[in-house]
Every structure is written in C-alpha cells, then in structure tokens.
Amino acid sequence: MNLLFETGKVDVNEEKLRAFDEYCQNEGSDEFIIIKDGRLFYKNYSNTKDPIQLNSLTKVFAGTAIGLLLDEGYIDTLHTPIGSIFPSLNDDPKKDITIWHILTHTSGIKTLGHDIELSNADNCVEYALSMELENIPGKVSKYNNEAVALISGIVEKLSGESLDEYLSRRIFKPLGITNWSWLRDKSQNPYPYAGLALTGIDLAKFAHLYLNNGLWKEQRILSEKWIQDSTKPTQNIDRKWGYLWLTAHDKSSKYIGYGMSGYEGKYLFVSPANNFIAIRLVHRKKGKQTPNAEKFFHYAIDLMS
1 MNLLFETGKV DVNEEKLRAF DEYCQNEGSD EFIIIKDGRL FYKNYSNTKD PIQLNSLTKV
61 FAGTAIGLLL DEGYIDTLHT PIGSIFPSLN DDPKKDITIW HILTHTSGIK TLGHDIELSN
121 ADNCVEYALS MELENIPGKV SKYNNEAVAL ISGIVEKLSG ESLDEYLSRR IFKPLGITNW
181 SWLRDKSQNP YPYAGLALTG IDLAKFAHLY LNNGLWKEQR ILSEKWIQDS TKPTQNIDRK
241 WGYLWLTAHD KSSKYIGYGM SGYEGKYLFV SPANNFIAIR LVHRKKGKQT PNAEKFFHYA
301 IDLMS
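Note that the working numbering gives residue 254 to position 254 of the sequence shown, counting from 1, and the numbers run on in steps of one.
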C-alpha cells in the first residue's frame, strides 16, 4: 500500500490496541491508523478510497504554509503586521495584528464562533478583513476561524500562488500526495480553516514529516526550527496552542505531543518522544449524525503508556 511505513506487529499493548480499534469501528469511522516506530496498523472499515474532509484539521496545513513562507524568506518574522500585506487596512486598527497573532488565536478579530457566514461569503478573506476588533491583539486567546481565513490572502499576496497551489508544490508533491481536494469560496480562495480533504495514509505522511523534524526521505521540506516552534506552547494566555496545533500534556503537565481535531471527529495526534502517530477519519454520514469518537485522544494517549 505504501513504501514509507512497515506493516506488521506494532509495538504497543495488544489489548489496548484492540479496544481502540473496536471503539473506532463502533463509532462509524472510515479510517483508523496507528504508527509506532515506523510500523503501521491500518484499518479502512468502509474500503473508502476517497479523500475525507478534514474540517478544522485543515488549519495545521494553513499554519505549515506560513512556516514555508518564513523558511523561504517571504517574511522575516512572524511578527509581520498584516497591514503591510493588506493595504486596505492602512487606517484600520487591525493593521497592527501580526501573523503570530493569527497563528496563536490572539488576533482580537471578532469571531462568531462558527463559520456559517464566513463560508457563505463570496470572498472569505475580504469578509475577515471587514470584521471589527473585539479585543486588543495579543491580550485574549479565542479560537478564530475569521482570523485564520486571512492566511489564504497572506499566502497568495506574498508568494503569488493560492494556498492550495503553494502547499501542493512544496508539501503534497514531495510526499507523493495526489488524491486530495480543497474547497474554495466563490472568489477562488481556498478555505484555510476547514477546506482540505485527504486520505488517512496521506495525512499520516504529513504527520511523519513533522515527526521527522521536517525531513522527508532525507530531503529537507520544512525547517526543524519551524517544527519545534509550531508544536510547543507559544504563549501564556492559553498554553494549549502552538501555531494552530493543539499541544498535549499528561496529568503532571509534562509535554507529550501535539495534534488537532476537526468537526465531526477528524483526529490527528503525534508524540515525538514515543515515535507515535494516531489518526481517525470519517466521512460525513448522509441523513444522520456523524459519530465524533470524542474519546479518541484518551485512547491514543493511553495506548502510549
């Protein structure tokens, strides 16, 4: 199926793995993946070959695009104000928001707490630019789809490529990811907060790139500095956030890894210290609620112990 991961017995507790497998199957999952020390445990319960919408898990790909802009010199610092990128903000208080604020959910841009209006707007970037400030940038941490929407505009204005084209050339093609799609608004902006669809194995390739500190088959794709900085707590307002990654800690507050989730139970968890990746993906169920497997991270962390 792939040449990256070895198949065979995975070095984890068999009873816990069996329970995790049964849980994901009972939750109507389509794909379930565990990778430990390069060994792959893979279940495709529905035999799906179609890429699966990642929903908010898309955000870590958008964040990765910012890392590439930094690596390639399109920006010198994450503290670049967005007023220097969007001239329409010249006399707007939002001009002092930085890319760092967007990546850490501290932009202060007003958010509605959902993406209905944002996703129905003709241009999600312009819609986000029109939102008012509700907090001083850098003072309050608040999960913010509107702010993340700006990443589409940032990437295109700085690189000259759309977000999906930019990541396709620099991430997807080197990793051999070809079976993907990305939803766009009517103005053809890819939605950076919830638009990407991938298969489980291709998501595992992306996770492996991070687990391997930005190297892919000995080729440098992302800088090690970006990997380390983006996957650790980035500020003291809400220490669970890296750069659009969620960080994970055990009961004693020891750092154990990072991950992200998407609406309707799309999950990715990575633990570098344990050389461990866990993934659960599910297609939206037609005519009924999609089981969200809300205990996924509990099972994943328990499997490492």
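Glycine included, each C-beta is placed from N, C-alpha and C at the ideal position.
Query	Result
I need the straight-line Cα distance from F61 to Y255, nearest angstrom please.	22 angstroms
What is the DSSP secondary structure of V140, counted as helix, strand or coil?	coil
Which value, in whole angstroms, describes the spacing of the CA atoms of F206 and D71?	17 angstroms
Return the CA-CA distance between D115 and T77, expressed in angstroms with no decimal places.	29 angstroms
What are the start and end residues of the beta strand (DSSP E) that includes D278?	Residue identity check: residue 278 is Ala in the sequence provided, not Asp. Segment 276 to 281, the beta strand (DSSP E) holding A278.
With burial defined as no fewer than 16 other Cβ atoms inside 10 Å of the residue's Cβ, what is the status of L112: buried or exposed?	exposed
Between I82 and the rest of its own chain, which residues show a CB-CB distance below 6 angstroms, the 5 nearest in sequence each way excluded?	I97
Identify the residues that DSSP records as bridge partners of K43: which are they?	F32
How would you label K251, buried or exposed, when you count the other beta carbons within 10 angstroms and need 16 or more for buried?	exposed
Would you tell me roughly how many angstroms separate the C-alpha atoms of H208 and L150, rounded to the nearest one?	27 angstroms
Rounded to the nearest angstrom, what separates Y74 and S46 at their Cα positions?	42 angstroms
Determine contact between the stretch 274 to 282 and the stretch 186 to 203, defined as no fewer than three beta-carbon pairs at a distance below 8 angstroms.	yes
Can you give me the start and stop residues for the beta strand (DSSP E) that S261 sits inside?	255 to 262
Can you tell me the Cα-Cα spacing of T58 and K9, whole angstroms?	31 angstroms
State the start and end residues of the unbroken alpha helix (DSSP H) segment that holds K59.	58 to 71
Should I109 and A147 be called a contact, given that it needs their Cβ atoms to be closer than 7 angstroms?	yes
Consult DSSP for I201 and reduce its assignment to one of helix, strand or coil.	helix
Could you compute how far the alpha carbon of Y307 sits from the alpha carbon of S187?	The question about residue 307 has no answer, for the chain in this structure spans 1 to 305.
Spatial neighbours of D302 within its chain, please: C-beta separation below 7 angstroms, excluding the five flanking residues on both sides.	K16
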